[in-house]
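Sequential numbering of the sequence shown, starting at 2, is according to the numbering used here. Some notes on the structure that comes next.
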Amino acid sequence: MISNITLSNHAFSRRHALKSLAGGIALSSIGTIGISRAVAANLPPHLHATVIASSPRYLCNAIAATQNGTVFLGAPRWEGMNDTPGVFRVSSNGTLQPFPGGTWNQWKQGADPANAFIMINGLHIFSDDTLWVVDQGIDPSTGSTVDGGQKLVQLDPKTGKVLQILRWGKDILPTGAAMNDLRIAGDLMFITDSGLGGIIIYNMRSGKTVRRLSEHPLLRATYSKPMIGRDGHVFRDKNGKRPLVHSDMLEITADRKWFYFSTPIGPLRRIPTSALLDDSQTDAQRAAQIETVIDMPTMMGTAIDTLNNFYFADAEQGQIIVLTPEKKKLVLFEDSRLVDGDALFITADRKMLVPIPQTERLPTNNAGVNALKPPFISLSFPLPETLQGHRLGDVVSGL
């Protein structure tokens, strides 16, 4: 998901396109029917999305759910959100409860970061049903990482008990590194570094941790392509500075053969997972095996299913897109409420969960103007079995 406060504005509508088609009445009736069918084939399916969580105060950019449907949200300490609890559990009546409670949700500048959430930028739940939280440890008032603040925290989703906390030294997290998101495949945990660019691999059985492709150009964004929101809105702060977010999204195929990654501005790339795991290879040798899959629009969160369909939230069009293994882009979901849909999560019962942080409306991304429109909602909609004749799979459990 996006970190460092990034994204954009305005609503996309198909009405203009449809009106233009309707304006071509001079077409013969046969031609009109043909065009109507073509347009209908390209429209997203009518999926009813339900608001499963709503906050009048805190924006959330991360979401995950247990197998029994308990939903958790991650709320970063972005501008105007300095007092956020960081992590919420959504109760059965839809209210948000700080999780796990106590000092974990009460950090203030200067406080001990060891057992407190500072800057949450990701969370995930895999098939063991425990909650993993990514804390970048960044003090928003200084923009610097608090010593001991950057960590991964594993929690029991029922009791809130902390199962383990993972921290690394400068060899794995050099100055400027910012853990962004994670995926698990068997005994291995993969984490992207969006601060410098890089991939961290942690063996949960042996404890061995390695850093791959650190600051490699193929994992870093450049200013040659801006982050763009709806209607061509370019992300920039009040001084005109544009955000630069490096390796962010990651997904691993169900067979664990391919590791997909991207910056928010694309392109989508992949590398054989075996290359990342081979200690005998140099980073130069690994980089030579990186493939560019396809150019992408500015995108937010991603997901992947068991049939290797890659899902991403398109910030430019306000849509959720399915990229098939054949590189065909299919529109899955479109909704006026989808303002910067972020980290996508597929549940065990095949629902897609989408937090709506409105990141593009933050002053940092909107030329200094605060255009946020509470409440901040999260949506859920059922994942169809097929999309335009293409089969969609199930959640990749990871373990």
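The C-beta atom is built at its ideal place from N, Cα and C for all residues, glycine as well.
- Separation of A316 from A115, as counted between CA atoms: 35 Å
- Beta-carbon spacing of I200, T210 below 8 Å: no
- Could you tell me whether the Cβ atoms of V134 and I121 are closer together than 8 Å? yes
- Give me whichever residues DSSP pairs with L183 in a beta bridge. I192
- Message: Using 8 Å as the threshold, is the C-beta distance between L60 and M82 below it?
- Response: yes
- Query: Thinking just about the alpha-carbon of each residue, which of F127, V235, V323, V147 is nearest to the one in F191?
  - Reply: F127
- Message: For G198, which residues in the same chain have their Cβ closer than 6 Å to its Cβ, ignoring the five residues on either side in sequence?
- Response: E216, L220, R221, H247, S248
- Reference Y312, options K171, M180, T254, closest by Cα: T254
- Please name the residue or residues paired with D136 in a DSSP beta bridge. I121, K152
- Message: On the CB-based measure, 16 or more other CB atoms within 10 Å of its CB, does E335 come out buried or exposed?
- Response: buried
- Query: Within this structure, are the beta carbons of D256 and L393 separated by less than 8 Å?
  - Reply: no
- Item | Three-state secondary structure assigned by DSSP to L219 | helix
- For W169, the three-state DSSP class (helix, strand or coil): coil
- Message: Determine, for G208, whether the minimum Cβ-Cβ distance to residues of chain C falls below 8 Å.
- Response: No chain C appears in the structure shown, which is made up of a single protein chain.
- Message: Quick check: what's the CA-CA separation for I321 versus T299?
- Response: 12 Å
- Item | Counterpart residues of E335 in DSSP-defined beta bridges | Q320
- Meets three-Cβ-pair contact criterion under 8 Å: the region 356 to 376 and the region 98 to 112: no
- Rounded C-alpha distance that separates R270 from V147: 32 Å
- Residue of I291, M180, I272, K239 minimising C-alpha distance to V370: K239
- Message: Here's the rule I'm using: 16 or more other beta-carbon atoms within 10 Å means buried, otherwise exposed. How should E252 be labelled?
- Response: buried
- Query: What residues are listed by DSSP as bridge partners for K352?
  - Reply: P383
- Starting from the Cα of L124, find the closest Cα among D136, S145, D113 and give me that residue. D136
- Item | Status (buried if at least 16 other CB within 10 Å, exposed otherwise) for R338 | exposed
- Under a three-way DSSP split, which group does A42 fall into? Here the model assigns A42 a pLDDT of 46, short of 50, so the residue's position is not dependable, and the following value carries that caveat. Helix, per DSSP.
- Would you kindly work out how many angstroms separate the C-alpha atoms of P158 and R206, rounded to a whole number? 22 Å
- Buried/exposed call for E386, threshold 16 Cβ in 10 Å: exposed
- Kindly list the residues whose CB is nearer than 7 Å to the CB of I185, restricted to its own chain and excluding five residues on each side of it in sequence; keep chain order. F127, G399, L400
- Where does S128 sit, in a helix, a strand or coil, going by DSSP? coil
- Task: To the nearest angstrom, report how far apart K402 and G267 are at their CA atoms.
- Result: As displayed, the chain neither begins before 2 nor continues past 400, which places residue 402 out of reach and without an answer.
- Between the CA atoms of D129 and L164 - distance to the nearest angstrom: 13 Å
- Item | Helix, strand or coil at Q98 [DSSP, three-state] | strand
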